[in-house]
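Top line first, the protein sequences correspond to chains A and B. Okay, so the first sequence: first residue is 79 according to our numbering, each after it adds one. Okay, so the second sequence: first residue is 315 according to our numbering, each after it adds one.
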Amino acid sequence: MSLSHAEHIRQAVAAHNARPIPVKLADWVRTSPEGGIAVLFMVVQIACIAGGLLFPDSFRYLLQANIAVTLKSIAPLGLMALGVGVLMIAGEYDLSVGALYSFLSIVAATVANSLNGDIGGDHPSWAAPFIGLALALVLGGLIGCVHSAITLRFNIPSFITTLGGMLLWKGATLLYHGASSLRFKPSEPFATIFGGEYGVIHASIVWFAIFAVAFYLLLHRHRLGNHFYAVGGNRNAAVAIGIKPNRTKTIAFAIAGFMAAFSGVVAATRVGSIQPGGGLGMELQAIAACVIGGAALTGGRGSILGVVLGTALVFTIQDILLLLRAPGFYFDMFVGTLIVVAVIMNTAIRRSRA
Amino acid sequence: MKDSLRHFSPQAHVPVDAPTGGLAPIGAPLLEARNIVKRYGSFVALDDMNFFIGRAEVVALLGDNGAGKSTLVKMMSGINPPTSGEIFVNGKRTELNSRAASERAGIETIYQDIALVDAMSITRNIFMGREITTRLGFLDLRRMEEVAVEILGSAVQISGIDNPRKEVGFLSGGQKQAVAIARAVYFKRNILLLDEPTSALSVRETEHLLGYVRELKSDGTSSVLVTHNLYHAYMVCDRFVVMSHGTKVFEAAKQDTSIEELTDHVIRT
Ligand SMILES: Nc1ncnc2c1ncn2[C@@H]1O[C@H](COP(=O)(O)OP(=O)(O)O)[C@@H](O)[C@H]1O
Ligand SMILES: [Mg+2]
């Protein structure tokens, strides 16, 4: 052997890195779950744009109003899905995020309103909505920690803990506020920061982008993200190497709760009011978005790009169906089919590589 | 048999062909476990087990499946603290009740069940829990990959690994084992524990690893080799400990025993 082994590997790595970009792209599409979903997403977009150009009157996909509405509606689910995705990668579930979304946005709104944070009041307080938001975020994180403590202390599936949590927080919402809708028209600058608009760009989508980048850095470029993958992928291996699984999972639970609260407040700011039942079912959509984007139900697999693309795909489907004036139940049928197809695709990718 | 146990008090111990000058075992052994009991519920996995590792010594840990070898290895690794008993590191009473504590004692382990995460890359597996980071805990991925290539190329030369970004799940059993070995070899300081490390390796890779264990010894690093292959054990080890039902049933230095005698003790128990 004339080359040293390390030199041999180094050359192989260099060759791997020197692949032309189209080859890299093709490899990525072939071998990563989010690569497959990216292609599907592009195909759907191209088809929609073609449809919009061919039938501008009946399929108004390219109309500015349509684009604006879609961009506006993505963020709440996307923000929630980021938290849910991180938790799934760490090997746990949170079914309570939909209930928390409603409960904590109502907490934020009542606190803000009681501190004279409504924009319609006399000399509204600029700080009040921020205080409401901060409280909701802290509560979201703490509730996540409680879910984690119960799950880990009693060694039960988080599916069960947070299913209980979902019902508990749903009930707590009604206990705390009742079933009526709640006005949330926050004072400035809160209203602009979280609900402003510039052309088709709504503040909420900017927040989604900011959090997506932050989560990307956390998950793929930070030590903690590495620990999420390790603990979710093989708990025993993580323990054997000195990672503390309970601490790691608790952080992931807290992130899921935090993001549920944030997504609830962002959505409330956009709509201007809160329906106590508004978040119900969102937990499953968030899990669906993650799974479509390549997250494994068994933990340890998934990516931020996947979560973003999964969310975007879900909303594109919703948009198409709205534009076609299809009844609402078609949405569930399509998303349901998409989940199954996505998981079949991901499993096939994994097998073909093995 | 009791006789053969008695004259092995660690104090009296002198490793076979210990490096001359400086590293002779003056005083306490590197690590000593006394009267270790480990219970899983009512099942007793370690029953009054005594074990020590001298300086620059290669110890063979032998015994049938279920004898408690892995339990003892995991105990020394800090991930499976004993129910009772005492552990001394360099003669000082120490609790090895976490991986961190064991790491502080300079112990690194190649686990029998490999302890790799299939969904993560080779590089990320090697540095799992011990990532190279820049400020604020962000990963220095480039540096990690450089070091990974270096490790993979040197420790055990693994056939067919040419991309440290490859997911471990796509490696063969032998390649996975080699990655686990490379990781432990890189991070070890005083003691390397090898729990059936060659079960999936090729003949060439096995030779390489066993040669490496000998090399470590001449650098002053001690090893514990758990294996079912008595020829391998006899080839590289200075002292042999045979376990059965959670306790020590035979112990001998290389010059005092033979493969035949060791085989006898492993089979009989
Ligand atoms: N986590 C555990 N819970 C219960 N019993 C265990 C556990 N780990 C090991 N054992 C039991 O302890 C005994 C010793 O196991 P082990 O140390 O793995 O043996 P060896 O490595 O010598 O083959 C076996 O009978 C095994 O079934
Ligand atoms: Mg074993």
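Where is the CB? At the ideal position from N, CA and C, for every residue including glycine.
In terms of residues, what are the limits of the alpha helix (DSSP H) holding residue i?
i, result
"B/Lys-531", "517-532"
"B/Tyr-354", "Careful: B/Tyr-354 lies outside any alpha helix (DSSP H), inside the beta strand (DSSP E) at 345-354."
"B/Gly-377", "No alpha helix (DSSP H) contains B/Gly-377, which is instead part of the beta strand (DSSP E) from 372-377."
"A/Asn-144", "142-167"
"A/Leu-180", "Reading off the sequence, residue 180 of chain A comes out as Ser, not Leu. That run of the alpha helix (DSSP H) goes 175-192."
"A/Val-317", "313-318"
"A/Val-278", "Looking at the DSSP string, A/Val-278 is not in any alpha helix (DSSP H), and its letter there is neither H nor E."
"A/Arg-403", "It is not in any alpha helix (DSSP H) - A/Arg-403 carries neither H nor E in the DSSP assignment."
"A/Asn-95", "83-95"
"A/Ser-218", "In the sequence on display, residue 218 of chain A carries Gly and not Ser. First-last of the alpha helix (DSSP H) with A/Gly-218: 206-231."
"A/Gly-249", "236-255"
"B/Glu-481", "Looking at the DSSP string, B/Glu-481 is not in any alpha helix (DSSP H), and its letter there is neither H nor E."
"A/Asp-105", "99-109"
"A/Phe-268", "268-273"
"B/Asp-578", "573-582"
"B/Lys-490", "487-501"
"B/Tyr-548", "544-550"
Could you check whether the Cβ of residue i sits closer than 7 angstroms to any heavy atom belonging to ligand 1?
i, result
"B/Thr-385", "yes"
"B/Phe-357", "yes"
"B/Tyr-354", "yes"
"A/Gly-371", "no"
"B/Ala-547", "no"
"A/Asn-144", "no"
"B/Ala-381", "yes"
"B/Gly-377", "yes"
Is there at least one non-hydrogen atom of ligand 2 closer than 7 angstroms to the beta-carbon of residue i?
i, result
"B/Leu-510", "Just to set this straight, residue 510 of chain B is Glu in the shown sequence, not Leu. Checking every heavy atom of ligand 2 against the Cβ of B/Glu-510, one is found closer than 7 angstroms."
"B/Gln-426", "yes"
Span of the beta strand (DSSP E) holding residue i?
i, result
"B/Ser-536", "536-540"
"B/Lys-562", "561-567"
"B/Ile-505", "505-509"
"B/Phe-357", "357-367"
"B/Val-555", "553-558"
Heavy atom of ligand 3 less than 7 angstroms from the Cβ of residue i, yes or no?
i, result
"A/Asp-397", "You won't find ligand 3 in this model; what it holds is ligand 1 and ligand 2."
- Query: Of the residues that make up the stretch 522-551 of chain B, which ones have a beta carbon closer than 7 angstroms to any beta carbon in chain A?
  - Reply: Only those residues of the stretch 522-551 of chain B whose C-beta falls short of 7 angstroms from the nearest C-beta of chain A would be listed, and there are none.
- Cβ-based contacts, 9 angstroms cut-off: residues of the stretch 426-459 of chain B near chain A: Answer set for the stretch 426-459 of chain B: Asp-427, Ile-428, Ala-429, Leu-430, Val-431, Asp-432, Ala-433, Met-434, Arg-438, Asn-439, Phe-441, Met-442, Gly-443, Arg-444, Glu-445, Thr-447, Leu-450, Gly-451, Phe-452, Leu-453, Leu-455 and Glu-459.
- Query: Going along the stretch 373-385 of chain A in order, which residues come within less than 7 angstroms of chain B, judged by CB to CB distance?
  - Reply: Residues Gly-378 and Arg-379.
- Item | Contiguous alpha helix (DSSP H) assignments of at least 4 residues, all confined to the stretch 388-464 of chain B | Scanning the stretch 388-464 of chain B from its first residue to its last, the whole alpha helix (DSSP H) runs of 4-plus residues come out as 413-418 and 436-440.
- Item | Residues within the stretch 230-249 of chain A neighbouring chain B, beta-carbon criterion of under 8 angstroms | Hits within the stretch: zero.
- For the stretch 304-366 of chain A, list the alpha helix (DSSP H) runs that are entirely contained and at least 4 residues long, ordered along the chain. Listed in chain order, they are 313-318 and 323-349.
- Where the stretch 82-93 of chain A meets chain B: residues whose CB sits under 8 angstroms from a CB there: Of all residues in the stretch 82-93 of chain A, Ser-82, His-83, Ala-84, Glu-85, His-86, Ile-87, Arg-88, Ala-90 and Val-91 have a Cβ within less than 8 angstroms of some Cβ in chain B.
- Task: Please list the residues of the stretch 393-414 of chain B that have a C-beta atom closer than 7 angstroms to any C-beta atom in chain A, keeping them in chain order.
- Result: Correct list: Ile-393, Arg-413 and Ala-414.
- Task: Scan the stretch 317-334 of chain A for residues whose Cβ lies nearer than 7 angstroms to a Cβ of chain B and list them as they occur along the chain.
- Result: Listed by position, the residues of the stretch 317-334 of chain A near chain B (Cβ gap below 7 angstroms) are Val-317, Ala-318, Ile-319, Gly-320 and Ile-321.
- Message: Counting only Cβ-Cβ distances shorter than 9 angstroms, please list the residues of the stretch 476-502 of chain B near chain A, keeping chain order.
- Response: Taken in chain order, the members of the stretch 476-502 of chain B whose beta-carbon sits within less than 9 angstroms of a beta-carbon on chain A are Asp-476, Asn-477, Pro-478, Arg-479, Glu-481, Gly-483, Phe-484 and Arg-497.
- Message: For the stretch 339-368 of chain A, list every residue whose C-beta sits within 7 angstroms of some C-beta in chain B, in sequence order.
- Response: So the list is empty, because no residue satisfies the distance condition.
- Item | Proximal residues, the stretch 279-303 of chain A versus chain B, C-beta separation under 9 angstroms | Per Cβ criterion, the list reads Leu-295, His-298, Arg-299, His-300, Arg-301, Leu-302 and Gly-303.
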